[in-house]
Amino acid sequence: MTSKFTIIRDTAAADAVPRGGVVAMGNFDGVHLGHRAVIAAALRMARLRAKPAFAVTFEPHPRKFFSPNTPQFRLTDETSKLRLLAGTGLAGAVVMTFDATRAGTTAQDFIHHDLIERLGVSAVAVGYDFHFGKGRVGSPSLLVSEAPRLGIEVDVQPHVDFDERPVSSSAIRMALAEAQIANATAMLGGPWFVTGEVIHGEKRGRGLGYPTANIRLDRDCGLRHGIYAVRVGCGKGKDHRRFDGVASFGRRPTFDNGAPLLEVFLFDFQGDLYCAMLDVAFIGFIREELKFDGAEALVRQMDDDATRARIQLAAAPDAFPQLGEIG
């Protein structure tokens, strides 16, 4: 793994753009097993050439540009995606702004201007279903056909299957919507996680003996409401710590049926986490969100939830996403 993960944006000066490297291209939402196969191919080609390997990705996600009013459940926001990419061994990422200009760029112009002239790539790795350029005309077969003339190598990775179906970001979204955490983890190659700032809540949990760290997730988050076994990371570098816990994601029907909120109870933790940034990895599903007749019944259920969460977490002692530092 490189010591520094470099992020190159459209505004980067020409002398800041590495030339002659190998790129893995994709949207990389979730950085799942299919994406990792593409990245592994880029890393192999880079080692043979003694060159760095970079991801080429797009922000915002093209779906957001073309359908701005349609809810978009992203598995990873930009920062989370870059942290996952930084944990793969890549030297960095080229983040291209997806706007009207990018959407109107032809596939041929993208190849010649962005890949050859700007990045000076020596090799490209893509997945079998990656398309680019105006009207999504650009394809792996176009890259392969252009490669000899351009003097570059192109590696096209086939689909990676799980349960006899190709791994995809949409399949993982569906698994999370159905609380199939084990399936989502298998397709991602590690636990799905969210990152958020701890906010002040109603402090009901403290009165029940279960003080929680509350995080407001993206309004388009499609995770099924319910109770989960979670592993939580906080801090950076030498100050990084991990805690096991149990979390509720939902509307709190026993109390207010309000806006969805992630409420995390950390086992064996004492301290103040307000305003802290937490990485919450979902290790297992425990049960659906329920409405209880009163606090006593709720606490009994929470005791049982905590016991079940500890069992699930003990069975996966090292489960946590492999994240890199992006500065």
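According to the numbering used here, the sequence shown is numbered sequentially starting from 43.
We put the CB at the ideal spot given by N, CA and C, even for glycine.
Practice item. Determine the closest residue to Gly-162 out of Pro-233, Gly-146 and Glu-195, with distance taken between C-alpha atoms. Key: Position 120 of the sequence shown holds residue 162. Of the listed residues, the one whose Cα sits closest to Gly-162 is Glu-195.
Kindly list the residues whose CB is nearer than 6 angstroms to the CB of Gly-326, restricted to its own chain and excluding five residues on each side of it in sequence; keep chain order. Residue 326 sits at position 284 when you count from the first residue of the sequence shown. Ile-223, Ala-271 and Gln-354, listed in sequence order.
Please check the pair Ala-88 and Gly-129, which I expect to be a contact at CB under 8 angstroms, by giving their CB distance rounded to whole angstroms.
What you label residue 88 is simply residue 46 of the sequence shown in a count that begins at 1. What you label residue 129 is simply residue 87 of the sequence shown in a count that begins at 1. Not really, about 17 angstroms apart at Cβ, beyond 8 angstroms.
| said: Using 8 angstroms for Cβ pairs, my map puts Asp-321 next to Val-274. What's the rounded Cβ distance? | reply: Residue 321 sits at position 279 when you count from the first residue of the sequence shown. Residue 274 sits at position 232 when you count from the first residue of the sequence shown. Their Cβ separation, rounded to whole angstroms, is 7 angstroms, which keeps Asp-321 and Val-274 in contact under 8 angstroms.
Q.
So, with DSSP's three-state summary, where would you put Thr-143?
A. Position 101 of the sequence shown, counted from the first residue, corresponds to residue 143. Thr-143: helix per DSSP, three-state reduction.
To which residues does DSSP link Tyr-270 through a beta bridge?
The residue given as residue 270 occupies position 228 in the sequence shown. DSSP output for Tyr-270 lists Ala-289 and Phe-327 as bridge partner(s).
| message | Buried or exposed for Gln-199, going by 16 or more other Cβ atoms inside 10 Å? | response | As a working note, residue 199 is residue 157 in the sequence shown. When all chains shown are included, Gln-199 counts as buried.
Query raised in the report: Rounded to a whole number of angstroms, what is the C-alpha to C-alpha distance between Pro-233 and His-77?
Result: Along the sequence shown, read from residue 1 onward, the residue named residue 233 stands at position 191. Along the sequence shown, read from residue 1 onward, the residue named residue 77 stands at position 35. C-alpha separation (whole angstroms): 15 angstroms.
**Request:** Identify which residue in Ala-323, Gly-146, Met-319 and Glu-188 has its Cα closest to the Cα of His-154.
**Result:** The residue labelled residue 154 in the question sits at position 112 within the sequence shown. Nearest of Ala-323, Gly-146, Met-319 and Glu-188 to His-154, Cα basis: Glu-188.
Environment of Cys-276 [buried if 16+ CB atoms lie within 10 Å]: Residue 276 sits at position 234 when you count from the first residue of the sequence shown. Label assigned to Cys-276: buried.
**Asked** Under the rule that 16 or more other beta-carbon atoms within 10 Å means buried, what is Asp-360, buried or exposed?
**Response** The count along the sequence shown starts at 1 and reaches residue 360 at position 318. Flag for Asp-360 reads exposed.
Item to complete: Compute the distance between the beta-carbons of Ala-79 and Phe-107, then report whether it is under 8 angstroms.
Response: On the sequence shown, residue 79 is found 37 positions in, with the first residue counted as 1. On the sequence shown, residue 107 is found 65 positions in, with the first residue counted as 1. No, Cβ-Cβ distance for Ala-79 and Phe-107 is not below 8 angstroms.
Would you call the region 177-193 and the region 201-220 in contact, with 3 or more CB pairs under 8 angstroms?
no
Would you identify the three-state DSSP class for Asn-225, choosing helix, strand or coil? Position 183 of the sequence shown, counted from the start, is the residue given in the question as residue 225. Here Asn-225 sits in helix by DSSP.
> Are the Cβ atoms of Arg-258 and Gly-238 separated by less than 8 angstroms?
Replying inline: As a first step, residue 258 must be located in the sequence shown, where it is residue number 216. As a first step, residue 238 must be located in the sequence shown, where it is residue number 196. Contact: yes.
As assigned by DSSP and simplified to three states, the class of Leu-132: Along the sequence shown, read from residue 1 onward, the residue named residue 132 stands at position 90. Leu-132 falls in the coil class under three-state DSSP.
* **Burial state of Met-43, where buried means 16 or more other Cβ atoms lie within 10 Å** => Here residue 43 refers to the residue found at position 1 of the sequence shown. Residue confidence is low: Met-43 scores 40 on pLDDT, short of 50, so the model does not pin down where it sits. No coordinate-derived value is stated.
What number of angstroms, rounded off, separates the C-alpha of His-267 from the C-alpha of Val-236?
Here the question's residue 267 lines up with position 225 in the sequence shown. Here the question's residue 236 lines up with position 194 in the sequence shown. Between His-267 and Val-236, the C-alpha separation is close to 15 angstroms.
Same chain, Cβ closer than 8 angstroms to Thr-112, five either side skipped, listed in chain order: Stepping through the sequence shown from its first residue, residue 112 is reached at position 70. Correct list, in chain order: Arg-105.
ask   = What did DSSP end up calling Thr-237 once you bin it into helix, strand or coil?
value = Numbered from its first residue, the sequence shown carries residue 237 at position 195. Thr-237: strand per DSSP, three-state reduction.
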